[in-house]
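Going by the working numbering, the letters in the sequence shown line up with residues -3 to 403, in that order. Where a beta carbon is used, it is the ideal one built from N, C-alpha and C, also for glycine. Fair warning: this is a prediction, and the values are worked out from it, not measured in the lab. Below you'll find the structure, written out as structure tokens, and then a few comments.
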Amino acid sequence: CINMTQPNSIDANQLRKSFPIFEKRSLIYLDSAATSQKPKIVIDAVKNFYNEYNSNVHRSIYDISQEATEAYETAREKVAKFLNVDKVDSIIFTKGTTESMNLIAYSWVRHNLKKDDEILITEMEHHSNMVPWQLACKDVGAKLKIIPFEFDGTLKHPEKYFSKRTKLVSISHQSNVFGTINDIDKIINLAKKYNAISVIDAAQSVPHFPVDVKAIDCDFLAFSGHKMLGPTGVGVLYGKPELLENMNPFLGGGEMIRSVQLNESTWNDIPWKFEAGTPNIAQAIGLGVAVDFLNEIGMNNIHNYEKLITDYALNCLNEIDGITIYGNPPNRGGVITFNINNIHSHDLAQILNDDKIAIRAGHHCAQPIMNKLNVSSTARASFYFYNTFDEIDLLCKSIKKAIKLFK
Ligand code: PMP
């Protein structure tokens, strides 16, 4: 492969030192689209919570409970600022993107859609941006309409699929299979034109480039903390406050109520109306620290670095005989999905694993994409700012080794 120097703004070798896992084991981790690795300061924030001020939030007046509440609510403020959201109460902590989507499906769709209304999604969605709408449509008798993808991994003429019956459109900002960065401005404008609610699955975008919610002006946006250096078990749903205020709760229980009588109850203010029970306190605090870490590196720097490393990887991979790379979107992030002739992706992943290279093999929670590509599974390499150009060389070398083995 051609020699490329890394830009000064990101020194991946230096940044890797903040991640204990890379110090502890020899690991070429190319599966950040599934989950990212965690820097020490995030791990420490979780540990400190349990070691030093473990307690429940919003309940007690003693010191450690006040500290926990403050740390938890500060994490919410950090997330709001990260997304350029003015109203902190429009940030709801959930378990992750999946739960955020289900919250909308239960609390908005099931109360606002009726028979023959339409929900619009695309054919390239992750199952978590597909199955919740399938379930909700069945319950209310609405129709799920699909914008198909082209084989280059892009969406053509999404406007053709909108109608006056479209009540909600939900689309991934960046595909977890093709890496396509979809033109969400276009989709959100179409949603406004048709008076539909817009939902953005930002699981693969918020971790990798600046997402300015005020500028894109969507109605809802969902993502997962664990893909952006945070702990597992915490994610976010942003919603426009006027929508959230008028929505029914998702889960019932403690925290989400204002008053409870034996037969009926009234609801707490947003965001707590949607955070029933004891929340993921340590995880949310950890996510706040992850946001600090990302801010320090700079989201634009991360995006630019990932563009370079992805271009480099595409160049190297394209030189390999017998490779099929799925999709070739002009605007893409650091996700490359491929197959090698005559090698099942699971076998390839196994051989790469022998070289300590972690890639994903399977359907990537996107079976409709696999069906259209006419494959049962694919290999996927995905990158983050802690990956180096040397690692890409080793990936290609290991793939070539696999090809020789299978000859
Ligand atoms: N949407 C996309 C585009 C994803 O890549 C993922 C995770 N692979 C999800 C949704 C679901 O995220 P989670 O499993 O964290 O809920």
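Can you name, in chain order, every residue of its own chain whose Cβ lies under 7 Å from the Cβ of Thr70, other than the five neighbours on each side? For the purposes of this step, residue 70 is taken as the residue at position 74 of the sequence shown. Gly284.
For Asn244, which residues from the same chain have a beta carbon less than 7 Å from its beta carbon, with the 5 sequence-adjacent residues on both sides left out? Looking up residue 244 in the sequence shown gives position 248. Contacts found: Ser103 and His107.
Scan the stretch 291 to 341 and note each continuous alpha helix (DSSP H) run of 4 residues or more that stays entirely inside, going in chain order. 295 to 314
What I want to know is whether the C-beta of Thr320 ends up closer than 7 Å to one or more non-hydrogen atoms of the ligand PMP. Counting from one through the sequence shown, the residue named residue 320 turns up at place 324. Answer for Thr320: no, Cβ out of range of the ligand PMP.
Tell me, please, which residues DSSP counts as bridged to Ala354. Translated into the one-based positions of the sequence shown, residue 354 becomes position 358. BP columns for Ala354 point to Tyr25.
Which runs of the beta strand (DSSP E), 3 residues or longer, sit entirely within the stretch 196 to 240? 216 to 220 and 231 to 235
Output the residue ranges of the beta strand (DSSP E) runs that lie fully inside the stretch 33 to 112 and measure 3 residues or longer, sorted by chain position. 87 to 90
What is the rounded straight-line gap between the Cα of Ala8 and the Cα of Ser378? Along the sequence shown, one-based indexing puts residue 8 at 12. Along the sequence shown, one-based indexing puts residue 378 at 382. Taking the straight line from one Cα to the other gives about 15 Å.
Reference Lys111; option with closest CA among Pro128, Lys163, Thr118 and Asn80: The count along the sequence shown starts at 1 and reaches residue 111 at position 115. Selected option, being the one with the closest Cα: Lys163.
Ala192 to Tyr234 span [Cα, whole Å]: Translated into the one-based positions of the sequence shown, residue 192 becomes position 196. Translated into the one-based positions of the sequence shown, residue 234 becomes position 238. Distance between the alpha carbons of Ala192 and Tyr234: 17 Å.
Go through the residues and name those whose CB comes closer than 5 Å to any heavy atom of the ligand PMP, in chain order. Gly92, Thr93, Thr94, His122, Ser124, Ser168, Asn172, Asp197, Ala199, Gln200 and Ser220
Unbroken stretches of the beta strand (DSSP E), 3 residues or longer, contained in the stretch 173 to 199: 193 to 197
Looking at Ser394 and Gly231, is the spacing between their C-beta atoms short of 8 Å? The residue you call residue 231 lines up with position 235 of the sequence shown. The residue you call residue 394 lines up with position 398 of the sequence shown. Cβ atoms of Gly231 and Ser394: not closer than 8 Å.
Are the Cβ atoms of Leu186 and Pro35 separated by less than 8 Å? Looking up residue 186 in the sequence shown gives position 190. Looking up residue 35 in the sequence shown gives position 39. Not closer than 8 Å, so no.
What does a CB cutoff of less than 7 Å around Ala94 pick up in its chain, not counting 5 residues either side in sequence? Your numbering for residue 94 matches position 98 in the sequence shown. Just to set this straight, residue 94 is Thr in the shown sequence, not Ala. Closer than 7 Å at Cβ, skipping near neighbours: Ser124.
With Ser394 as the anchor, note down where its alpha helix (DSSP H) starts and where it stops. Within the sequence shown, residue 394 is the residue found at index 398, counting from 1. Counting along the chain, the alpha helix (DSSP H) containing Ser394 begins and ends at Phe385 to Leu401.
With 16 other Cβ atoms within 10 Å as the buried cut-off, status of Lys223: Residue 223 sits at position 227 when you count from the first residue of the sequence shown. Buried: at least 16 other Cβ atoms inside 10 Å.
Any idea which residues DSSP pairs Gln170 with across the strands? Here the question's residue 170 lines up with position 174 in the sequence shown. DSSP lists Ile177 as partners of Gln170.
Could you tell me which residues DSSP pairs with Arg12 in its beta bridges? Numbered from 1 along the sequence shown, position 16 holds the residue referred to as residue 12. None, per the DSSP bridge assignment.
When the Cα of Thr31 is compared with those of Leu313, Asn242, Ser220 and Pro144, which residue comes out closest? What you label residue 31 is simply residue 35 of the sequence shown in a count that begins at 1. For the residues Leu313, Asn242, Ser220 and Pro144, the minimum Cα distance to Thr31 belongs to Ser220.
Compare the C-beta of Lys303 against all C-beta atoms of chain C and say whether one is closer than 8 Å. Absent here is chain C; the protein component of the structure consists of one chain.
Nearest candidate by alpha-carbon position, reference Gly249, set Leu240, Trp268 and Asn242: For the purposes of this step, residue 249 is taken as the residue at position 253 of the sequence shown. Comparing Cα-Cα distances from Gly249 to each of Leu240, Trp268 and Asn242, the minimum goes to Trp268.
Work out the CA separation of Leu99 and Val202 for me, nearest whole Å. Numbered from 1 along the sequence shown, position 206 holds the residue referred to as residue 202. Numbered from 1 along the sequence shown, position 103 holds the residue referred to as residue 99. Distance between the alpha carbons of Val202 and Leu99 is about 19 Å.
Thr118 bridges to which residues according to DSSP? Counting from 1 along the sequence shown, the entry for residue 118 is found at position 122. Looking at the DSSP assignment, Thr118 forms a beta bridge with Ile143.
Note down, in chain order, each residue of its chain lying with its Cβ closer than 7 Å to the Cβ of Leu217, except the 5 sequence neighbours on either side. The sequence position of residue 217 within the sequence shown is 221, counting from 1. Cβ within range, chain order: Ile196, Ala198, Val209 and Tyr234.
Since Ala132 is in the beta strand (DSSP E), which residue starts that stretch and which ends it? The residue you call residue 132 lines up with position 136 of the sequence shown. Careful: Ala132 lies outside any beta strand (DSSP E), inside the alpha helix (DSSP H) at Val127 to Val136.
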